[in-house]
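Letter 136 of the sequence shown, counting from 1, is numbered 136 in the UniProt record's numbering, and no numbers are missing.
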Amino acid sequence: MITPRFECSQTPESVAVKIYCPSVRASDVEIHVDDTLFTVHLNPYFLRLNFPHTVLEDDASAARYDPSTGHLTVTLTKEIKGQEFADLDLLSKLLAPRPSAPAPVIEVIGQQDSDGTDELVARTNTLSLEREREQEEILLAAENDWQVPQEVPADPPITTTLTQSYGFLNMHSGYFKHVTHTENEANELGADAEVCTAQERRTRRRKHEDEKWDEEHYMADYADDEYIQELVLWENQENPHATTAPFQFTEDENLALLNLPRKEYLIDVAQAKSLYLTLLSVLFSYAYETRTTQGDFTPESAWTICSLTPAFSALDPPPYSAPTTASPVPSPEDLSACLAQSYRRALAFPLYRSFALAEACRADVARLLVRGTRPVLRALLATQHVLAHHEVYYVYSKIWLEDFCVWVQASARDQTLRELGAAVQSLRIPKRAIGWDLEGLEAATHDVRARESDSDDESDEEEVARQL
């Protein structure tokens with residue numbers, strides 16, 4: 001069956017579903033409505049939507065097929081007139097199955113003859129029969145002078161599972177078994193990506209960042225920052241400071257939403273906090289690449305995004321600090337620790353290494369978050385598109401971005417994202433939190449500039465004296 005392209009709209013009294021299914025026989029359509037569940041079967045198309053509230057198929061409902069455009073429009077009546085059906089533009093959320101009912105908890109209260117006597121008798125009888133059978137074989141072998149084969153019992157094999165899981169909610173493994181043949185330059189774990197524990201990943205990530213840190217590169221970008229200042233001042237028209245226009249996904253984005261997997265996640269508080277923090281680091285990498293390319297992604301964009309995201313390059317997602325609250329919403333300490341890792345990578349790996357540029361990216365992330373779910377989802381879809389179309393880095397789309405897109409539109413709350421955005425906007429990352437002596441290097445750069453300026457002044461004075 002084919003899932004058709006569709007879109008939904010609503011009035012105070014009804015919900016309309018417009019389905020694109022060209023070259024079909026409209027007389028064969030089968031429509032079924034059950035509470036919040038709506039299904040349409042029109043060979044070879046099948047569509048099942050789960051609305052947030054109950055819809056009815058009554059006299060006011062209608063289905064109309066336009067053969068000139070290939071659209072089937074089904075209008076359903078709202079059970080409660082005037083009720084707002086939220087998120088009708090989040091297509092994958094409508095396609096998601098109904099939430100699974102919790103498994104019943106069965107508790108054994110009591111049982112007759114629960115002292116285990118019957119089970120013990122049965123096991124004793126089984127052992128007795130086996131022993132009798134062995135004794136008969138020994139006697140028969142003795143009568144016929146058989147040589148019963150005997151071997152020294154070997155030690156039981158030691159079985160250990162070395163493979164470690166990773167990715168979204170640690171649901172994935174096996175993607176890096178042949179990583180040595182893929183030329184994955186973003187992967188910092190090499191062939192050990194499948195077996196490194198969480199602590200080993202973090203240790204190796206920090207070590208690799210320290211090795212890649214280049215003081216001279218940082219000082220050069222700090223001293224000659226004319227182009228970097230242009231990047232810092234660049235205004236992203238896709239992420240304005242304030243907008244009143246209604247948000248609307250493009251046709252390509254709607255198609256990408258339809259192609260997302262249909263999944264349901266059971267997430268506890270700690271996992272939810274980790275996902276919000278990982279989302280923060282992914283958006284930071286997206287903001288860096290968007291700002292440094294001024295919105296025009298390049299063939300190197302996939303490498304940059306993966307290299308700046310610890311959860312991708314080292315399979316090391318947040319949190320990066322000890323838990324401070326039992327809330328799924330990250331605390332300021334959680335946010336600061338998470339962004340500090342992104343700053344470290346932005347200062348160690350890409351072409352432009354500037355603390356001011358990292359600060360501009362943080363502001364971009366804050367503006368995205370305060371606008372809510374849809375702009376965040378658009379940024380994730382753009383990132384997923386970049387990675388999914390790369391011959392090597394598509395793996396990170398599979399283990400992170402696809403699930404992230406599904407989770408954000410289905411579970412990430414607008415209010416939570418806006419609160420995160422406000423917290424990120426007011427956050428200040430001290431330079432000492434990066435772990436490198438940024439302030440000392442900047443002071444040394446100023447000293448060098450001052451000495452060069454004095455030297456130039458003396459040379460000018462000497463030249464004037466010679467001319468006189």
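Beta carbons are placed, not taken as given, at the ideal position from N, Cα and C, and that holds for glycine.
*Going by C-alpha distance, which of L279, L380, E194, I19 is nearest L49?*
I19
*Where does L283 sit, in a helix, a strand or coil, going by DSSP?*
helix
*Looking only at its own chain, which residues have a Cβ that is under 6 Å from the Cβ of S354, when we skip the five neighbours before and after it?*
D221, I228
*Give the DSSP bridge partners of Q10, in chain order.*
V15
_Span separating the alpha-carbon of F249 from that of E7_ = 11 Å
_Rounded separation between R449 and Y393 - CA only_ = 42 Å
*In the structure shown, what three-state DSSP assignment does I267 receive?*
coil
*What number of angstroms, rounded off, separates the C-alpha of D224 from the C-alpha of D414?*
41 Å
*Could you tell me the distance, in whole angstroms, from the CA atom of A314 to the CA atom of H178?*
16 Å
*asked:* Just to check my reading of the structure: L339 and T3 have Cβ atoms closer than 8 Å, yes? What is that Cβ distance to the nearest angstrom?
replied: The pair is not a contact, with the Cβ atoms about 38 Å apart (cut-off 8 Å).
_Rounded straight-line distance, which links the Cα of L369 to that of R418_ = 6 Å
*Going by CA-CA distance only, name the one from E188, A356, L377, L335 that's closest to E442.*
A356
_Nearest to K212 (by Cα), restricted to the options E79, L351, P330, W407_ = L351
*Close-in-space but distant-in-sequence residues of the same chain around T159 (CB under 7 Å, 5 per side omitted)*: In this prediction, T159 has a pLDDT of 45, which is less than 50 and means its spatial position is unreliable; what the coordinates show is noted afterwards. So no residue of the chain qualifies.
*Do the CB positions of A388 and L401 come within less than 9 Å of each other?*
yes
_Rounded separation between P97 and E333 - CA only_ = 36 Å
*Do you know offhand how far R5's Cα is from V365's?*
31 Å
*Flag this pair as yes or no: are the beta carbons of S336 and A422 separated by less than 9 Å?*
no
*For Y286, which residues of its own chain have a beta-carbon under 6 Å away from its beta-carbon, when the five flanking residues on both sides are left out?*
A379, T383
*Going by the CB atoms, is the gap between I305 and P359 shorter than 9 Å?*
Residue identity differs from the one stated: residue 359 is Glu in this sequence, not Pro. No.
*Unbroken beta strand (DSSP E) run spanning R64, endpoints*: 62–66
*Return the CA-CA distance between L277 and F284, expressed in angstroms with no decimal places.*
11 Å
*Nearest-angstrom Cα separation, counted from N254 out to V74*: 19 Å
_Neighbour-count burial assignment, A270, 16 or more Cβ in a 10 Å radius_ = exposed
*Note down, one range per segment and in chain order, each beta strand (DSSP E) of at least 3 residues found wholly within the segment 198–246.*
none
*Ordered along the chain, which non-local residues of its own chain (more than five positions away) have a Cβ less than 8 Å from that of P52?*
T36, F85, A86, D87
_Closest to L420 by C-alpha separation, out of N236, K263, L280, would be which residue?_
L280
*Can you tell me which of L91, Q294, N43, Y45 puts its alpha carbon nearest to the alpha carbon of R374?*
L91
_Three-state secondary structure assigned by DSSP to P153_ = Low per-residue confidence applies at P153: pLDDT is 49, beneath 50, and the placement is therefore not dependable, though the value from the model is reported in the following sentence. It is coil, neither helix nor strand.
*If we ignore side chains and look at the alpha-carbon of each, how far apart do Q341 and N170 end up?*
20 Å
*Does the beta-carbon of K273 have 16 or more other beta-carbons within 10 angstroms, so that it is buried, or is it exposed?*
buried
*Please work out which residues of its chain come closer than 6 Å, Cβ to Cβ, to F176, disregarding the five sequence neighbours upstream and downstream, and give them in chain order.*
A193, E194
*Quick one: grab the DSSP three-state call for K431.*
helix
*Along the chain, which unbroken stretches of the beta strand (DSSP E) at least 3 residues long are found entirely within the segment 27–95?*
30–34, 37–42, 45–50, 62–66, 71–78
*Give me whichever residues DSSP pairs with R418 in a beta bridge.*
Answer by DSSP bridge pairing: none, since R418 is not bridged.
_Bridge partners - R5, DSSP secondary structure assignment_ = Y20
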